[in-house]
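A.B. asks:
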Amino acid sequence: MLLSELPAEILYIILAHLPNVNALANLSQTCHRLHKTILDGESVIFREFVQTRFPGIETPPYWRDAAQALTSRSRAMYKKGITARFIVPSDWTKLGHQGAIVRDRSTLGYKPPISSYEIWNGGSWADRKEVMAWGAGNQLVMRVNQHGHSMKQQWVVLDELDALDVYDDIRSLHLLSSQKRYQNDTDVEHLIFGRARGDISHMVISHNEGKYEHKQIFKTNEASTVATDLSKGPNPVLAATFQGDAVGFYHAETDEEEIEPFAILHPLFGTISTTRLLSSSTVAIGTGLSEGSLSISQITPTGVSHLQAYSLGEPEWARIEHSYENPPAVQNLSRETFIGAIEPLGAHSLTGGSPGDVFLTAWESHSVRLHDLRAPDPVVNIYVDNTDTNPIYSLLSFGHDSFLVGSGGEGLVKIFDLRMGTKSRALDTQMETGYSYRAPPHHYPEYGFSTFLSTPAPDTFTNEAAHPFARYRESPSGHRQPNSYRGPVYAMSSPSPSSPTVYAGVVGGIVQLDFVSTDDLFGPNREWCQKNLGLDLNTTETQFPDPSTQVMNLGGYERPAPYDFGSVSKLRRQREFWKIPPEDMLNGYGQDSWDWRWGNVEQRGTWRSLNDS
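Just so we're aligned: 528 in UniProt numbering is position 528 of the sequence shown, and the numbers increase by one with no gaps anywhere.
Following this line, the structure appears as structure tokens:
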């Protein structure tokens, strides 16, 4: 039987397994019946395509555009199609005090916590509202972008204090308006943020009226706040880590004006290095000791109870003082004990299970480990960049099969595929225990890629007092040029599971990374990208470019396989859009595995240009 003779119901199932949207479009042009069948069942076909090819990714029901967006991002991840630029506020509305008295000035620059979200508020994929905010020292900076038919951008800078010191810095930030409880408040933004001195509050900001108010206060007994985390989904929980090595848990959705913690957790071992809510009912805590390096606890409406701890060696329980009658089970991990970041994967497409079952941890050995609470082995897989030995400051689950790592030095962002190395670990776990790891239909990637956010910040974005990594040097021509950024990537955020955008927090500011390949920006999908992604890029040569749209030229290197210690990392460097020769596009340069902007660095070349070195 010919494909065109199959019943529509069976044909829809087959079409859902095609590799991309272009394959579906090409198939529809082979005969009239297939074209009519695909056209009549477009919504069903693209819905099945999205749910089959990108399981676990929630999207609005614009299925054709969802398929296009997810396929475009997936191709960009494969080809390393990255467009980077600085976030530069403009025409902002200033709320609060116009000038505060500075009592103590930090010499290190601020470390920006970031939060972002996007929601669809119209009749198409293009009609969406995206909000991004970060803590800029004591100030809160927020951008509201309305995409689609009613395009609009608004900036708000909140400075509510009349006297400042380093303890007024914003340490944590969570935008709330994407939650169902607040989705009807379309003209205001709800958020929770915490300052170092211990103030944690729920604030409402009206970006249209230029007003703000504190709606709720989370009681901390004036304990210095190190960080906070907010769980996703129904009944959200706020976890606040205090400097005295305790974690307070709060119900985030309550009508009380002053919210007391319903539980306070003290670690069984050592001090707290990081805390992350894996779900509204599970929390993971990392410590700096060999015993109890990673502990998992269960959250109930009335308290918190320890479930399990992963440690070095066998613990001597007689020497441990705690208030629990039955100590948790302890399993051996390895010599590296300090955990710098934890990232939950949720009900992930490659892992299945429930939220909180699977998560990533960043260890002192500059390695990232994949954990599955259902598995007998505490570590399912290990991801390592043998080239970079800096500690890891941030992790971000991105896409349906990847995650990003923010390094503690060199402005380095690393791209990892979750399937790397899973031949011997995750798939063995699946066969032995029945856990739902899914093998992809093609080979596992054997190498990854790391890129440097080293381009100096524009003059309108930085100054030497706030950004010490941007001090000036003399160029060969005698002009003053700022040095490359060599600092950490402190935080990362993406607006939604389907978004191609990542915001990376560096010392003193934010870098926007858009994962879109050059052939999507300039090829047959150009109109769709311009209409639906709203990137607003400057891709032409300009003598005085707008810093907010000026695109960086990134450098980076291919990472050899973790077990390959003999290969040399291949260096690559991006070029400007307008410097891509037309013959390169005609000859298919970069189409096999790399984006058109990436070029190999010659043996005597440098991956940093003169302007970026």
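Ideal placement from N, C-alpha and C gives every residue a C-beta, glycine not left out.
Between K571 and G556, what straight-line distance do the alpha-carbon atoms span, to the nearest angstrom?
C.D. replies: Here residue 571 turns out to be Leu, not Lys, going by the sequence shown. The alpha-carbon atoms of L571 and G556 are separated by roughly 6 Å.
A.B. asks: Would you be able to state if there are at least three C-beta pairs under 8 Å between the segment 245 to 258 and the segment 211 to 225?
C.D. replies: With the cut-off at 8 Å, the segment 211 to 225 and the segment 245 to 258 touch.
A.B. asks: Taking one C-beta from the segment 484 to 494 and one from the segment 52 to 66 each time, how about it: are there three or more such pairs within less than 8 Å?
C.D. replies: Output reads no: the segment 52 to 66 does not touch the segment 484 to 494.
A.B. asks: Give the straight-line distance between the Cα atoms of T300 and Q530, rounded to the nearest whole angstrom.
C.D. replies: Going by the C-alpha atoms only, they are around 47 Å apart.
A.B. asks: Since E189 and L175 should fall inside the 8 Å C-beta cutoff, what is the C-beta to C-beta distance between them, to a whole number of angstroms?
C.D. replies: E189 to L175, Cβ: 7 Å. Contact.
A.B. asks: Taking the CB atoms as reference points, tell me whether S407 and S454 lie closer together than 7 Å.
C.D. replies: No; because the gap between Cβ atoms is not below 7 Å, this pair is not in contact.
A.B. asks: Out of H17, L34, Q308 and G505, which one is the CA nearest neighbour of A375?
C.D. replies: When only C-alpha atoms are compared, the closest one is Q308.
A.B. asks: With a Cβ-Cβ cutoff of 7 Å, do Q146 and D159 count as a contact?
C.D. replies: No, the pair does not count as a contact, with Cβ atoms beyond the cut-off.
A.B. asks: Which residues in the same chain have their Cβ closer than 8 Å to the Cβ of T93, if we skip the five residues on either side of it in sequence?
C.D. replies: Closer than 8 Å at the Cβ level, and outside the excluded window around T93, lie Q154, W155, V156, V157, H207 and G210.
A.B. asks: Beta-carbon of P500 versus every beta-carbon of chain B: anything under 7 Å?
C.D. replies: Of the protein chains in the structure, only one exists, and it is not chain B.
A.B. asks: Quick one: is the Cβ of M77 within less than 6 Å of any heavy atom of the ligand PLP?
C.D. replies: For the structure depicted, the ligand PLP is absent and the ligand set is empty, with no information on it obtainable.
A.B. asks: Of the choices E260, T274, S224 and L230, whose alpha-carbon is the least far from that of G244?
C.D. replies: Taking only the C-alpha atoms, the option nearest G244 is S224.
A.B. asks: Does the beta-carbon distance from L412 to S450 come in below 7 Å?
C.D. replies: Yes.
A.B. asks: Extract the residue ranges of the beta strand (DSSP E) inside the segment 208 to 249, only unbroken runs of 3 or more that lie entirely within it.
C.D. replies: Qualifying beta strand (DSSP E) stretches, in chain order: 211 to 218, 225 to 230 and 237 to 242.
A.B. asks: Any idea what DSSP makes of Y78, helix, strand or coil?
C.D. replies: Looking at Y78 - three-state DSSP - the assignment turns out to be helix.
A.B. asks: Of the choices N20, A239 and P355, whose alpha-carbon is the least far from that of I264?
C.D. replies: Looking at the Cα atoms, A239 is the closest of the given residues.
A.B. asks: From which residue to which residue does the alpha helix (DSSP H) around N22 run?
C.D. replies: Where N22 is concerned, the enclosing alpha helix (DSSP H) stretches over V21 to S28.
A.B. asks: At the level of alpha carbons, what is the spacing between K129 and F452?
C.D. replies: The straight-line gap from Cα to Cα measures roughly 30 Å.
A.B. asks: Tell me which residues share the same chain as T539 and place their Cβ nearer than 6 Å to its Cβ, disregarding the 5 neighbours each side in the sequence.
C.D. replies: Answer for T539: F577, listed in chain order.
A.B. asks: With DSSP as the reference, identify every bridge partner of Y110, one or two as the case may be.
C.D. replies: Per DSSP, none; premise fails for Y110.
A.B. asks: In or out: residue 627 buried (at least 16 other Cβ within 10 Å) or exposed?
C.D. replies: In this structure the chain extends from 1 to 613, so residue 627 is not present and cannot be described.
A.B. asks: So the candidates are G487, S402 and R559; which of them puts its Cα closest to the Cα of M77?
C.D. replies: When each option's Cα is compared against that of M77, the closest is S402.
A.B. asks: So, with DSSP's three-state summary, where would you put R181?
C.D. replies: DSSP places R181 in helix when its eight states are reduced to three.
A.B. asks: Nearest-angstrom Cα distance between D118 and V144?
C.D. replies: Correcting the residue identity first, residue 118 is Glu in this sequence and not Asp. One C-alpha to the other measures close to 10 Å.
A.B. asks: Within 10 Å of its beta-carbon, does P234 have 16 or more other beta-carbons around it, so buried, or fewer, so exposed?
C.D. replies: Under this definition P234 is an exposed residue.
A.B. asks: Apply the 10 Å Cβ neighbour rule to K80 and answer buried if 16 or more other Cβ atoms are within range, or exposed otherwise.
C.D. replies: K80 comes out buried.
A.B. asks: Starting from the C-beta of I296, find all residues in its chain whose C-beta is less than 6 Å away, skip the five residues before and the five after it, and write them out in chain order.
C.D. replies: So the list reads A284, L307 and Q308, once near-sequence residues are dropped.
A.B. asks: So the alpha helix (DSSP H) H174 belongs to, where does it begin and stop?
C.D. replies: That residue, H174, is in no alpha helix (DSSP H); its beta strand (DSSP E) goes I170 to L175.
A.B. asks: Let me know the secondary structure DSSP gives D514 once reduced to three states.
C.D. replies: Of the three classes helix, strand and coil, the one that applies to D514 here is strand, per DSSP.
A.B. asks: Tell me, to the nearest whole angstrom, how far the beta carbon of V516 is from that of L533; I am working on the premise that it is less than 8 Å.
C.D. replies: That pair is a contact at about 7 Å.
A.B. asks: In angstroms, rounded to a whole number, what distance separates the CA positions of D520 and L294?
C.D. replies: Roughly 43 Å separates the two Cα atoms.
A.B. asks: Does the beta-carbon of T228 have 16 or more other beta-carbons within 10 angstroms, so that it is buried, or is it exposed?
C.D. replies: Result: buried.
A.B. asks: Name the residue from T387, D388, D372 and W598 whose alpha carbon lies nearest to the alpha carbon of N381.
C.D. replies: Minimum Cα distance to N381 is reached at D372.
A.B. asks: Could you please give the first and the last residue of the uninterrupted beta strand (DSSP E) stretch that includes F193?
C.D. replies: Segment E189 to R195, the beta strand (DSSP E) holding F193.
A.B. asks: If you follow the alpha helix (DSSP H) that I13 is in, where does it begin and where does it stop?
C.D. replies: Note, I13: alpha helix (DSSP H), A8 to L15.
A.B. asks: Determine the extent of the alpha helix (DSSP H) in which V44 is found, giving its start and end residues.
C.D. replies: Start and end: E42 to R53.
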